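Going by this note's numbering, the letters in the sequence shown line up with residues 11 to 348, in that order. Notes to accompany the following structure.
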Amino acid sequence: MKRKTLTQFLIEQQRDKAALPSEVRLLIEIVARACKAIGHAVGKGALGGVLGSLESENVQGEVQKKLDVLSNEILLEANEWGGHLAAMASEEMETIHLIPNRYPKGEYLLLFDPLDGSSNIDVNVSIGTIFSVLRAPDEAAGREVTEQDFLQAGSKQVAAGYAVYGPQTMLVLTVGSGVHSFTLDRELGSWVLTQSDIQIPADTKEFAINMSNMRHWAPPVKQYVDECLAGKTGPRGKDFNMRWVASMVADVHRILSRGGVFLYPWDAREPGKPGKLRLMYEANPMSMLVEQAGGAATNGTQRILDIQPSALHERVSVILGSKTEVDLATKYHLEAKG
Ligand code: P6P
Numbered sequence: 011m012k013r014k015t016l017t018q019f020l021i022e023q024q025r026d027k028a029a030l031p032s033e034v035r036l037l038i039e040i041v042a043r044a045c046k047a048i049g050h051a052v053g054k055g056a057l058g059g060v061l062g063s064l065e066s067e068n069v070q071g072e073v074q075k076k077l078d079v080l081s082n083e084i085l086l087e088a089n090e091w092g093g094h095l096a097a098m099a100s101e102e103m104e105t106i107h108l109i110p111n112r113y114p115k116g117e118y119l120l121l122f123d124p125l126d127g128s129s130n131i132d133v134n135v136s137i138g139t140i141f142s143v144l145r146a147p148d149e150a151a152g153r154e155v156t157e158q159d160f161l162q163a164g165s166k167q168v169a170a171g172y173a174v175y176g177p178q179t180m181l182v183l184t185v186g187s188g189v190h191s192f193t194l195d196r197e198l199g200s201w202v203l204t205q206s207d208i209q210i211p212a213d214t215k216e217f218a219i220n221m222s223n224m225r226h227w228a229p230p231v232k233q234y235v236d237e238c239l240a241g242k243t244g245p246r247g248k249d250f251n252m253r254w255v256a257s258m259v260a261d262v263h264r265i266l267s268r269g270g271v272f273l274y275p276w277d278a279r280e281p282g283k284p285g286k287l288r289l290m291y292e293a294n295p296m297s298m299l300v301e302q303a304g305g306a307a308t309n310g311t312q313r314i315l316d317i318q319p320s321a322l323h324e325r326v327s328v329i330l331g332s333k334t335e336v337d338l339a340t341k342y343h344l345e346a347k348g
């Protein structure tokens with residue numbers, strides 16, 4: 011059976027669903043092409059002279075890897091000329107990136123974490139690119155886009171996805187009609203549809219959290235994880251397994267592929283911050299994907315996609331994946347809140 015390419019899939023989505031504006035189709039194709047280039051650079055590793063860190067730090071105060079900066083540049087250059095975007099925002103850039111005047115402007119906003127999981131780059135563990143698409147507010151027409159125009163709840167996203175650079179290079183995408191995955195055919199250089207309408211099982215026996223932070227967790231997180239660890243003899247009545255790749259893209263991909271729950275909650279190490287992960291270009295796109303696949307995503311007390319952002323780089327606690335587990339962990343948070 012001849013498999014569909016990303017282009018065929020998107021054209022059919024546009025034709026059948028009419029929900030996919032041609033501008034968004036073009037945008038996704040360009041981002042997917044940029045991800046191929048990023049995957050190619052990542053795949054070269056030491057042979058490409060792109061491993062290791064730079065002297066610089068990003069807006070998050072994190073040391074930048076050479077590949078972080080290269081990936082960011084690939085996405086900026088790929089998307090500037092197309093005429094579909096009004097502006098871009100990136101984990102690697104403090105402020106938004108306006109489309110240069112020499113190019114036409116569009117009505118969409120693209121946000122991305124160009125290379126998530128940087129700590130894994132130099133040790134050959136899966137990493138990825140996460141992206142989110144919003145529509146610029148109508149009132150932004152005819153004026154320069156501002157950071158405020160990006161501060162929309164995740165429920166406003168028109169598309170979201172990620173590329174994961176692992177044993178296979180894969181693109182996982184939603185345009186609001188289910189979640190679909192594409193595998194890169196490295197010989198032809200095309201993204202080939204390999205799974206449609208991905209569904210996350212509501213129940214799971216696998217949780218993902220960085221256990222080294224246990225002593226810093228809030229009680230509801232401790233309660234939830236302790237019950238998982240108690241296994242058959244505990245209140246859950248079943249044994250759990252644990253995974254933690256420390257690349258959100260890899261952990262979420264596993265959950266989309268076979269179920270599971272992912273937690274990166276608030277902890278007492280930085281009490282003033284709601285969590286480590288970023289709302290706009292990590293939690294929101296991943297939450298859209300997870301919900302489109304029948305899962306759930308909260309910050310412990312609220313649906314992540316309902317959160318009204320107040321800053322471009324704001325952080326958030328994340329509990330996402332199999333609905334039964336997310337609901338239980340959220341229930342414990344709400345009970346603790348009283
Ligand atoms: P920790 C990667 O740096 C990242 O932003 C996510 O991809 C990942 O889930 C998390 O941080 C890992 O954090 O504290 O376990 O290293």
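Built from N, CA and C at the ideal position, the CB exists for glycine as well. As the structure is a prediction and not an experimental result, all values here were calculated from the model.
For residue j and residue i, the rounded distance between their alpha carbons
| i | j | result |
| --- | --- | --- |
| residue 318 | residue 285 | 16 Å |
| residue 237 | residue 83 | 44 Å |
| residue 158 | residue 166 | 14 Å |
| residue 273 | residue 315 | 16 Å |
| residue 97 | residue 153 | 12 Å |
| residue 275 | residue 48 | 30 Å |
| residue 267 | residue 185 | 18 Å |
| residue 202 | residue 14 | 6 Å |
| residue 39 | residue 232 | 42 Å |
| residue 92 | residue 103 | 21 Å |
| residue 216 | residue 279 | 25 Å |
| residue 206 | residue 16 | 12 Å |
| residue 32 | residue 168 | 12 Å |
| residue 70 | residue 243 | 42 Å |
| residue 45 | residue 34 | 16 Å |
| residue 163 | residue 312 | 12 Å |
Heavy atom of ligand 1 within 7 Å of residue i beta-carbon
| i | result |
| --- | --- |
| residue 256 | yes |
| residue 121 | no |
| residue 286 | yes |
| residue 220 | yes |
| residue 127 | yes |
| residue 277 | no |
| residue 291 | no |
| residue 118 | no |
| residue 213 | no |
| residue 274 | yes |
| residue 78 | no |
| residue 356 | In the structure displayed, the chain extends from 11 to 348; residue 356 sits before or after that span and is not available. |
| residue 261 | yes |
Where residue i falls, given that 16 or more other Cβ within 10 Å makes a residue buried
| i | result |
| --- | --- |
| residue 113 | exposed |
| residue 301 | buried |
| residue 105 | exposed |
| residue 348 | exposed |
| residue 142 | buried |
| residue 182 | buried |
| residue 41 | buried |
| residue 11 | exposed |
| residue 340 | buried |
8 Å contact criterion, which residue i and residue j should meet: CB distance rounded
| i | j | result |
| --- | --- | --- |
| residue 209 | residue 193 | With 8 Å as the limit, residue 209 and residue 193 do not qualify as a contact, their Cβ atoms being about 18 Å apart. |
| residue 290 | residue 322 | 6 Å |
| residue 255 | residue 336 | The pair is not a contact, with the Cβ atoms about 19 Å apart (cut-off 8 Å). |
| residue 173 | residue 180 | 7 Å |
key: Those runs of the beta strand (DSSP E) which lie wholly inside the region 170–248 and span at least 3 residues   = 179–184, 189–195, 200–205 and 216–218
key: Within the region 116–163, ranges of the beta strand (DSSP E) (whole runs, at least 3 residues)   = Runs found: 118–126 and 137–145.
query = Can you list, in chain order, the stretches of the alpha helix (DSSP H) that have 4 or more residues and sit fully within the region 265–343?
reply = When DSSP assignments are scanned along the region 265–343, the uninterrupted stretches of alpha helix (DSSP H) that are 4 or more residues long and fall wholly within it turn out to be 294–302.
query = Counting only runs that start and end within the region 22–89, where is the beta strand (DSSP E) found for 3 or more residues in a row?
reply = 63–67 and 73–75
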